[in-house]
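>
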Amino acid sequence: MKLIAPRVKPMPIDATGSIVDLRAVNQQKVLTVTNPVNAAGYLAMKQKTTARLGLGRIGTRYTTRSVLRLRADHAAAKDAVWTDVSADFIHKMGWLALQSTCKTETEYLTRPDHGRIVAPTELDQLKPAFPTPPRVLLAVGDGLSSSAIEANAAEVIPAIKQGLALSQIQIGTIPFIRFARVAVEDYLGEATQADVVCLLIGERPGLATAKSMSAYIVYRPIIGMPEARRTVVSNIHPNGVPAVEAGAYIAGVIKEMLAKQVSGIALKAVE
Numbered sequence: 001m002k003l004i005a006p007r008v009k010p011m012p013i014d015a016t017g018s019i020v021d022l023r024a025v026n027q028q029k030v031l032t033v034t035n036p037v038n039a040a041g042y043l044a045m046k047q048k049t050t051a052r053l054g055l056g057r058i059g060t061r062y063t064t065r066s067v068l069r070l071r072a073d074h075a076a077a078k079d080a081v082w083t084d085v086s087a088d089f090i091h092k093m094g095w096l097a098l099q100s101t102c103k104t105e106t107e108y109l110t111r112p113d114h115g116r117i118v119a120p121t122e123l124d125q126l127k128p129a130f131p132t133p134p135r136v137l138l139a140v141g142d143g144l145s146s147s148a149i150e151a152n153a154a155e156v157i158p159a160i161k162q163g164l165a166l167s168q169i170q171i172g173t174i175p176f177i178r179f180a181r182v183a184v185e186d187y188l189g190e191a192t193q194a195d196v197v198c199l200l201i202g203e204r205p206g207l208a209t210a211k212s213m214s215a216y217i218v219y220r221p222i223i224g225m226p227e228a229r230r231t232v233v234s235n236i237h238p239n240g241v242p243a244v245e246a247g248a249y250i251a252g253v254i255k256e257m258l259a260k261q262v263s264g265i266a267l268k269a270v271e
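The sequence shown begins at 1 in the working numbering and counts up one residue at a time.
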């Protein structure tokens, strides 16, 4: 019996001969279906969604490349959760490093209630930076994606500052909270007596992106307040809401809160 070797398409390589990172390829621009009836229509449809369309198949199985891409995206999502925002990045951004009551990544994932609390000893570090209550406190938390913070914060924050500066609102020291859940902003608000607190935090990563960030904005937050008082701007990432655009929008929301003295559902009610 004569064996026929399968025809295997080689993985793409760069100018140095190294295999290109699978996740660097934009899936929305790649069609691997063999002999499609309407390739242009298929590609146009892929441009409208991040769903895994047009992957092709070998018999009843997925192609090797599509399976490897799925595993690579899954690995990136796990890395985003288990990897810390680098100390060099925090130092470069000039943030004040704080931490919730969680001590480890495992505790953070299994005890979300601990991630919502900031100890008094940590909050005491804010006092020298905020001797008087600020109008706006901008904070950053790693949340469930360190990748989101490193990918977006450096562009979002200048856009927020620029938008607020047009109304003579200045941003002072920016605290960074490790192992943060959204409610840490309530502790920051009570500690500084800020009029508005805006927390930039990494979203739970998925297979479409591991770099999505959200902004949770509250007018005069207090510990234990209803979640309905929060206003959320989500899906801030390169393939979602662009960082600069999101920053400008967030600045507008903050100014509206200051003018109307409400946030969350109440902000919509007075529009």
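Idealized CB from N, CA, C, for every residue including glycine.
I'd like to check one pair, V232 with Y216: are the Cβ atoms closer than 8 angstroms?
For this step, residue 216 is matched to residue 216 along the sequence shown. For this step, residue 232 is matched to residue 232 along the sequence shown. Yes, the pair counts as a contact, with Cβ atoms nearer than the cut-off.
> Does DSSP put N235 in a helix, in a strand, or in coil?
For the purposes of this step, residue 235 is identified with residue 235 of the sequence shown, where counting begins at 1. Strand, per DSSP.
> I believe L144 touches L188 by the beta-carbon criterion, under 8 angstroms. Please report the beta-carbon distance rounded to the nearest angstrom.
Translated into positions along the sequence shown, residue 144 becomes position 144. Translated into positions along the sequence shown, residue 188 becomes position 188. L144 to L188, Cβ: 19 angstroms. No contact.
> I'd like to check one pair, A194 with P133: are the Cβ atoms closer than 8 angstroms?
As a first step, residue 133 is located in the sequence shown; it is residue number 133 there, counting from the start. As a first step, residue 194 is located in the sequence shown; it is residue number 194 there, counting from the start. Cβ distance < 8 angstroms, so P133 and A194 count as in contact.
> Determine the extent of the beta strand (DSSP E) in which A246 is found, giving its start and end residues.
Along the sequence shown, read from residue 1 onward, the residue named residue 246 stands at position 246. From DSSP, A246 is part of no beta strand (DSSP E) but of the alpha helix (DSSP H) over A243 to K260.
> Tell me whether the region 163–178 and the region 79–98 touch, counting them as touching only if at least three CB pairs, one residue from each stretch, are closer than 8 angstroms.
Yes, the region 163–178 is in contact with the region 79–98.
> How is F176 classed by DSSP in three states: helix, strand or coil?
Counted from its first residue, the sequence shown places residue 176 at position 176. Here F176 sits in strand by DSSP.
> Considering just the uninterrupted stretch of the beta strand (DSSP E) at S214, what are its terminal residues?
Here residue 214 refers to the residue found at position 214 of the sequence shown. Run containing S214: M213 to Y219, per the beta strand (DSSP E) assignment.
> Quickly, what does DSSP pair V140 with across the bridge? List them, please.
Numbered from 1 along the sequence shown, position 140 holds the residue referred to as residue 140. Note: V140 sits in a beta bridge opposite F176 and L200.
> Between the Cα of V253 and the Cα atoms of A210, L109 and K161, which residue gives the shortest distance?
Locating residue 253 in the sequence shown gives position 253, counting from the first residue. Among A210, L109 and K161, the Cα nearest to that of V253 belongs to K161.
> Answer yes if the region 37–49 comes into contact with the region 57–70, meaning at least three C-beta pairs across the two stretches below 8 angstroms, and no otherwise.
They do not touch, by the three-pair rule.
> Could you check which residue in A246, Y219 and S146 has the C-alpha nearest to that of V87?
Mapped onto the sequence shown, residue 87 falls at position 87. The question names Val, but residue 87 is Ala in the sequence shown. Out of A246, Y219 and S146, S146 has the C-alpha closest to the C-alpha of A87.
> Given I222, which residues of its chain have a CB within under 8 angstroms of its CB, disregarding the five upstream and five downstream residues?
Taking the sequence shown and counting its residues from 1, the one referred to as residue 222 is at position 222. The answer, listed in chain order, is D186, G189 and E190.
> My understanding is that L55 touches T34, with C-beta atoms under 8 angstroms, so please give their C-beta distance in whole angstroms.
In the sequence shown, the residue the question calls residue 55 occupies position 55. In the sequence shown, the residue the question calls residue 34 occupies position 34. No, L55 and T34 are not in contact; Cβ-Cβ is about 11 angstroms, not under 8 angstroms.
> When burial is assigned at 16 or more other CB atoms within 10 Å of the CB, is S263 buried or exposed?
Here residue 263 corresponds to residue number 263 of the sequence shown, with the count starting at 1. Flag for S263 reads buried.
> Are at least three pairs of beta-carbons, each pair with one atom in the region 76–86 and one in the region 198–214, less than 8 angstroms apart?
The region 76–86 is in contact with the region 198–214.
> Let me check understanding here. Comparing Cα to Cα, which of C102, I58 and V244 lies closest to V184?
On the sequence shown, residue 184 is found 184 positions in, with the first residue counted as 1. Here the closest residue by C-alpha is C102.
> For Q28, which of helix, strand or coil comes out of DSSP?
What you label residue 28 is simply residue 28 of the sequence shown in a count that begins at 1. Three-state DSSP puts Q28 in a helix.
> Are R230 and V241 touching if we call contact CB-CB under 8 angstroms?
The count along the sequence shown starts at 1 and reaches residue 230 at position 230. The count along the sequence shown starts at 1 and reaches residue 241 at position 241. Contact flag unset, no.
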